[in-house]
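To keep things clear, I will list the structure first and then write my remarks on it.
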Amino acid sequence: MTPRAVFWDMDGTLVDSEPLHEAALVAAMRNVGLVPPADLHERVLGVAAWPVYEMMRDEFGLDLPFDDWIVRKYEHYLPLVESLRPRPGAIEVFDELRALGVQQAVVSNSDRLIVDANLRAVGLFFPGMKTVSRNDVRDGKPHAEPFLRAAYLADVDPAHAVAVDDSWPGAMAGLAAGMKTIFWPEKPMEGPPGAIVINSAGELRAQLGL
């Protein structure tokens, strides 16, 4: 049965932006004399800008204020957006749900600037499009607030909604919001207890009753 609402993570779920974020982060770190760790990707996947900044400051000795640091990172990221591509199969599912009248929203731990830039790049920017950025909530994922905000915007009971996310913090947020939570990682792995783990767009379609 198709759900009343589907709320999508953006980075890594709808769009293949994680490599761009990593490239920008690595460039910004090197620009200020920091050495990126080998496990940088795993450590920052699904994590909002402020906790990443805290890690840079506390573990790597970054001595810039947050506002200066994030400007440096985004100066590296934004020129890469023109090369952004959708995650294979994801936007097709989004469009199919939209045609069926299912409420949808994008729920991201990225800042508003990045949410808007990414969605414009892949054509998911239209009147009535509902989005929740890290700037729209007090607490980002893994807290429930971003997905609960989406449910409020869509006027849907969270129990009747599905959250789709590729990261542990995102899946934990969906579960905390009381939603059926689909964990669609970039590569096969276990998900948080209670999440439904899938590994393809075909499995996603099946879980959404399409």
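In terms of the UniProt record's numbering, the sequence shown opens at residue 1 and continues consecutively. Beta carbons are placed, not taken as given, at the ideal position from N, Cα and C, and that holds for glycine. Being a predicted model, the structure only gives us computed values, none of them experimental.
- Residue pairing from DSSP leaves Thr-2 without any beta-bridge partner.
- Between Pro-86 and Val-35, the alpha-carbon positions lie close to 30 Å from each other.
- Taking a C-beta distance under 9 Å as the contact criterion, Asn-109 and Gly-178 do not qualify as a contact pair.
- Remark: C-beta atoms of Gln-104 and Trp-8 approach each other more closely than 9 Å.
- Non-local C-beta neighbours of Met-56 in its own chain, meaning closer than 8 Å and more than five positions away in sequence, comprise Met-29, Leu-34, Leu-62 and Trp-69, ordered along the chain.
- Per DSSP, Val-106 is one residue of the beta strand (DSSP E) stretching across 103-107.
- In the three-state DSSP reduction, Ala-161 falls in the strand class (E or B).
- The Cβ atoms of Asp-111 and Gly-12 do not sit closer than 9 Å to each other.
- For Val-156, same chain residues with a beta-carbon under 8 Å away, outside a window of 5 residues either side, are Arg-4, Ala-5 and Gln-103 in chain order.
- Asp-11 sits in a strand when the DSSP states are folded into three classes.
- Residue environment: Met-189 is assigned as exposed (fewer than 16 neighbouring CB atoms within 10 Å of its CB, all protein chains considered).
- In this structure, Leu-204 sits away from Val-44, with a CB-CB distance that is not shorter than 9 Å.
- Distances from the alpha-carbon of Val-115 to those of Thr-2, Leu-84, Lys-187 and Asp-95 put Leu-84 closest.
- By the neighbour-count criterion, in which 16 or more other beta carbons inside 10 Å mark a residue as buried, Leu-100 falls on the exposed side.
- In this structure, the alpha-carbon of Gly-46 lies about 17 Å from that of Asp-136.
- Secondary structure at Ile-198: coil, using DSSP grouped into helix, strand and coil.
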